[in-house]
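A quick write-up on the structure given underneath.
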Amino acid sequence: MSNPIPKTYTPLKFVIVGAGLGGLAAAIGLRLSGHHVIMLEQAPELGEVGAGIQIPPNSTKILDALGVREPLLAVSHVPKSYNFRKWDSGDLLSYLVLRPYCLEQYGAPYLHIHRADFHKVLVDRAVEVGVVIKLGARVMRVDFDDNSVITGDGRQFNADVILGADGLKSQIRQTMLGRPDPPHNTGDIAWRALVRSSEVRKHEDLKFIWEEPKINFWWGPNIHVVVYLLNSNSGETVNIVVLSPDTLPQDVNVEPAQPGEILDLFSDWDPKLKKLLTLVHQTSKWRLQNSIEMKTWVHETGNVALMGDACHATLPYLAQGAAQAVEDSAVLTGLFGRITDKSQIHGLLKTYENLRKWRTTQVVQGSTNCRDIFHLPDGEKQAKRDALLKLSPRKGYPNRWADPVFQKFLFGYDAFKEAERGWNSFVAHEPVTFVDNSLKL
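See the structure below:
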């Protein structure tokens with residue numbers, strides 16, 4: 001398969017604020033397409049917090065084009081299936097085969113990986129292709145007239161294009177809005193826990209977790225649990241994520257927890273899940289926050305745009321947040337890899353927004369809706385959900401990944417083809433947008 005990244009003959013200077021997963025993917029893509037890229041990261045050293053992350057095929061096919069397929073596969077698992085279980089018994093409610101289905105159907109595998117390993121793979125590739133990364137560079141101000149950013153220590157970086165990839169608490173977003181725009185609480189927290197795989201393998205009744213990579217869910221009243229293996233550089237572990245109502249103090253967003261504390265949520269739950277939770281050796285609580293949808297991601301006059309969580313932060317219920325940032329990076333790469341004149345910059349940024357905004361809004365809303373599906377208390381609505389899950393997958397199916405229409409929307413998206421379509425419309429002076437009418441009920 002030929003590489004879908006075009007090569008420009010009009011190299012630009014990009015400044016990308018934020019060296020997270022999405023920003024790094026954009027930096028790599030833009031560098032491969034012929035541009036000069038400087039990344040400004042406020043942290044004094046590179047790294048990624050958290051534990052496991054899922055990489056769906058709409059993202060892995062982009063990462064393949066960026067040249068990181070093999071190093072990713074070396075530190076990730078390719079799960080056989082999604083398994084959705086009843087909270088109290090562990091009985092299977094629904095499932096979806098992922099391997100080899102995703103590779104055969106969408107041309108790329110589904111992966112799960114430790115966030116730190118994912119981040120390191122991208123950092124290594126960025127450095128390899130010539131991206132310049134400046135650490136300890138906290139951007140405090142943007143000058144939209146001369147397209148520059150100023151850091152807290154007084155350094156100024158000029159660019160043809162500035163991309164704000166600085167996450168949920170984006171300084172670039174707040175500067176564009178001209179006002180503070182803090183994240184808002186969603187009412188949920190995520191418990192992130194790890195178990196040593198060697199401990200889990202001692203228990204034959206937990207064989208369904210360690211025998212081969214799978215992603216296991218338990219859906220229950222106001223809570224759901226996700227469990228999968230991590231093949232990390234630091235050794236194999238079992239990753240556990242629990243999404244539950246927010247109990248953190250008002251002024252605390254992240255808090256360490258005692259390993260046994262998580263068990264208090266699960267007194268009546270599946271005994272096998274409870275046994276797994278007794279083996280937890282590390283856990284913490286993270287408040288889930290979000291931002292209000294913006295009218296536009298692009299500054300009205302400056303060549304400044306947002307991407308990833310800076311403009312479409314997504315709750316984790318669909319495991320698509322990082323994937324959407326990677327898609328942003330591919331569309332930006334595909335558009336700016338075709339640029340022929342600097343006068344096209346602002347128009348291409350608007351084209352990027354037009355191609356991406358509707359889709360990301362559907363993913364954000366779809367992810368939030370999954371919380372309501374997963375967290376139903378026992379009763380009439382839960383019984384109806386479970387009855388639907390016994391039927392063959394169809395449009396509106398409660399297992400959203402198995403819904404054939406929604407699955408194709410999620411996994412079948414080709415960001416590079418969208419960029420090509422956007423470019424063709426741009427040079428023809430035709431309006432372009434992305435709307436998938438198949439999603440409408």
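Taking the UniProt record's numbering, I'd label the letters of the sequence shown as residues 1 to 441.
C-beta: ideal position from N, C-alpha, C; glycine also.
(1) How far does the alpha helix (DSSP H) with Thr433 in it reach, from first residue to last?
(2) Using alpha carbons as the reference points, say which of Lys275, Phe426, Gln171 lies closest to Lys202.
(3) Do the stretch 170-181 and the stretch 189-202 make contact, defined as three or more Cβ pairs closer than 8 Å?
(4) Which same chain residues end up closer than 7 Å to Trp401 when comparing Cβ atoms and leaving out the 5 residues on each side of it in sequence?
(5) Roughly how many angstroms separate the alpha carbons of Asn239 and Pro271, rounded to a whole number?
(6) Based on Cα-Cα distance, which residue from Leu315, Val242, Glu293 lies nearest to Leu277?
(7) For Pro271, report the span of its alpha helix (DSSP H) as first-last.
(8) What would DSSP say about Phe208, mapped onto helix, strand or coil?
(9) Does the stretch 289-302 come close enough to the stretch 344-364 to have 3 or more Cβ pairs within less than 8 Å?
(10) For the pair the stretch 36-54 and the stretch 179-186, tell me if three or more CB-CB distances fall below 8 Å.
(11) With DSSP run on the structure shown, which of helix, strand or coil describes Trp358?
(12) In angstroms with no decimal places, state the Cα-to-Cα distance between Asp414 and Asn290.
(13) Using a 10 Å radius around the Cβ and a threshold of 16 neighbouring Cβ atoms, would you call Val435 buried or exposed?
(14) Quick one: residues in its chain with C-beta nearer than 7 Å to the C-beta of His224, no 5 flanking neighbours on either side, listed in chain order?
(15) Nearest-angstrom Cα distance between Ile38 and Cys311?
(16) At the level of alpha carbons, what is the spacing between Val304 and Asn147?
(17) Counting pairs of Cβ atoms below 8 Å between the stretch 309-329 and the stretch 258-265, do you hit three or more?
(18) Check whether the Cβ atoms of Asp403 and Gly396 lie closer than 8 Å to each other.
(19) Over the uninterrupted beta strand (DSSP E) stretch that includes His119, give me the two end residues.
(20) Take the Cβ of Ser392 as the centre, count every other Cβ of all protein chains shown within 10 Å, and call the residue buried at 16 or more, exposed below.
(21) Taking the alpha carbon of Ile150 as the reference point, which residue from Val17, Arg356, Ala27, Leu93 has its own alpha carbon closest?
(22) State the DSSP-derived secondary structure class of Pro256, mapped to helix, strand or coil.
(23) Please look up how many angstroms separate the CB atoms of Gly366 and Leu288, rounded, as I've assumed it's under 8 Å.
(24) From the DSSP output, which residues share a beta bridge with Val298?
(25) Nearest to Ala25 by alpha carbon, out of Ile55, Lys295, Leu63, Phe84?
(26) Among residues of its own chain, excluding the 5 on either side of Asn58, which ones have a beta-carbon nearer than 7 Å to its beta-carbon?
(27) May I have the straight-line CA-CA distance separating Thr175 from Pro100, to the nearest angstrom?
(28) When DSSP labels each residue in this structure, what does Leu441 get in the three-state scheme?
This is what the structure holds:
(1) Neither: Thr433 is in no alpha helix (DSSP H) and is coded neither H nor E.
(2) When C-alpha distances from Lys202 are compared across Lys275, Phe426, Gln171, the shortest belongs to Lys275.
(3) Three or more Cβ pairs closer than 8 Å define a contact, and the stretch 170-181 falls short of that threshold against the stretch 189-202.
(4) Hits under 7 Å: Tyr82, Leu96, Gln407.
(5) Straight-line Cα distance between these residues: approximately 18 Å.
(6) For Leu277, the closest C-alpha among the options Leu315, Val242, Glu293 is that of Val242.
(7) According to the DSSP assignment, Pro271 belongs to the alpha helix (DSSP H) that extends over 271-278.
(8) Three-state DSSP puts Phe208 in a helix.
(9) With a cut-off of 8 Å, the stretch 344-364 and the stretch 289-302 count as touching, because enough Cβ pairs lie within range.
(10) A contact between stretches requires three or more CB pairs, one per stretch, nearer than 8 Å, and the stretch 36-54 fails this requirement with the stretch 179-186.
(11) Here Trp358 sits in helix by DSSP.
(12) Just so you know, the alpha carbons of Asp414 and Asn290 end up roughly 26 Å apart.
(13) In this structure Val435 is exposed. Its beta-carbon is surrounded by fewer than 16 other beta-carbon atoms within 10 angstroms.
(14) Within the same chain, His224 has close Cβ partners Phe217, Trp218, Leu243, Phe374, His375.
(15) Near 21 Å, if we compare the C-alpha coordinates of Cys311 and Ile38.
(16) Between Val304 and Asn147, the C-alpha separation is close to 8 Å.
(17) The way I'd put it, the stretch 309-329 doesn't touch the stretch 258-265; fewer than three beta-carbon pairs between them come closer than 8 Å.
(18) By the CB criterion at 8 Å, Asp403 and Gly396 fall inside the cutoff.
(19) Not the beta strand (DSSP E): His119 falls in the alpha helix (DSSP H), residues 115-129.
(20) Classification for Ser392: exposed.
(21) Here the closest residue by C-alpha is Val17.
(22) In the structure shown, Pro256 sits in a strand (DSSP, three-state: E or B).
(23) Not really, about 16 Å apart at Cβ, beyond 8 Å.
(24) DSSP output for Val298 lists Ala305 as bridge partner(s).
(25) Out of Ile55, Lys295, Leu63, Phe84, Leu63 has the C-alpha closest to the C-alpha of Ala25.
(26) Cβ within range, chain order: Ala323, Glu327, Leu410, Phe411, Tyr413.
(27) Take the alpha-carbon of Thr175 and the one of Pro100: they are about 45 Å apart.
(28) Reliability fails at Leu441, whose pLDDT of 42 lies under 50, so the model's placement of it is uncertain and the value that follows must be treated cautiously. Note: Leu441 maps to coil in three-state DSSP.
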